[in-house]
Amino acid sequence: MKRREEVPSLDSIFADLDHPNPNINQKACLDMKHFWPKESIARLINNLDHDNVELRRKSVKALACFETDVLREVIHLFISTKDNLLRISYLKVLVLIASKCSLTNFTEDVQKLLKSALVDESTEIVLMSISFLRQIGNESIPYLKKLCRDKNVLRAKSAVSALIEIPDSSLQQFLITIAQDSSLDDLIRDAAIQAMETNILD
1018 MKRREEVPSL DSIFADLDHP NPNINQKACL DMKHFWPKES IARLINNLDH
1068 DNVELRRKSV KALACFETDV LREVIHLFIS TKDNLLRISY LKVLVLIASK
1118 CSLTNFTEDV QKLLKSALVD ESTEIVLMSI SFLRQIGNES IPYLKKLCRD
1168 KNVLRAKSAV SALIEIPDSS LQQFLITIAQ DSSLDDLIRD AAIQAMETNI
1218 LD
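Per this note's numbering: the sequence shown = residues 1018 to 1219.
#1: Determine whether the beta carbon atoms of Leu1204 and Ile1195 lie at a separation below 9 Å.
#2: Taking the continuous alpha helix (DSSP H) assigned at Glu1056, which residues delimit it?
#3: Quick check on the DSSP output: the alpha helix (DSSP H) that includes Val1024 runs from which residue to which?
#4: Less than 8 Å between the CB atoms is what I'm expecting for Leu1164 and Arg1172, so what's the real figure, rounded?
#5: Whole angstroms are fine: how far does the CA of Leu1180 sit from the CA of Asp1028?
#6: Which residue comes first and which comes last in the alpha helix (DSSP H) that contains Lys1117?
#7: Using CA atoms only, rank isn't needed, just tell me which of Gln1189, Asp1198, Glu1071 and Ile1092 is closest to Thr1215.
#8: Where Ser1106 and Lys1075 are concerned, what is the direct C-alpha to C-alpha distance, given to the nearest angstrom?
#9: Could you spell out the range, first to last residue, of the alpha helix (DSSP H) harbouring Arg1172?
#10: Would DSSP call Ser1133 helix, strand or coil?
#11: Please state if the CB of Phe1095 and the CB of Leu1102 are separated by a distance shorter than 9 Å.
#12: Tell me the residue span of the alpha helix (DSSP H) that contains Arg1206.
#13: So, helix, strand or coil for Asp1028, using DSSP?
#14: At the level of alpha carbons, what is the spacing between Ser1146 and Asp1035?
#15: Under a Cβ-count criterion, where at least 16 other Cβ atoms within 10 Å of its own Cβ denotes burial, should Leu1047 be classed as buried or exposed?
#16: CA-CA distance, Ser1139 and Asp1100?
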């Protein structure tokens, strides 16, 4: 007779998530998905503005383990709040999801996210937004090219850096154009020059 699978309690799973051993944390994430997905997602989302930084960090990683199952909900939450801490946490989740999964089936959702994120002047949001685009890869090239001319110098420089990491030889000519554009801030032009000098795109 097949032994009945023992279902761990939700509290015990979250106690394991709080454990200092990362292997136990990983097992907790698997148990969340297997036994208590809906309840776990709700609880993890509630942790994203917790005062405990370590709990926030672990909750971000755990939520990202649900991958595209939580993508739309997290994007909606990001768009719906003005709380900077929450927006940063949501973006961190989305960056991790983008690093694991193709988002080609979520084009409209991603566009909604970027429409909100790319006008946010918070330093953390600027950097996380570019990180998200970098994880998407070649599909993000049109966005990144446009952002290289952004009035926010940090956003523009970060976009140049993100382009460097995308394997597309056609970007070399684009960077030459940026480097030679006298209307742009010197810091942006210098970033493009440095990118070309590294020969990463060759």
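Idealized CB from N, CA, C, for every residue including glycine. All of these numbers come straight from a predicted model, not from anything done at the bench.
From the atom records:
#1: no
#2: Pro1054 to Asn1063
#3: Val1024 -> no alpha helix (DSSP H), and no H or E assigned at all.
#4: 6 Å
#5: 43 Å
#6: Asn1101 to Lys1117
#7: Gln1189
#8: 11 Å
#9: Val1170 to Ile1181
#10: helix
#11: no
#12: Asp1203 to Glu1214
#13: helix
#14: 28 Å
#15: exposed
#16: 11 Å
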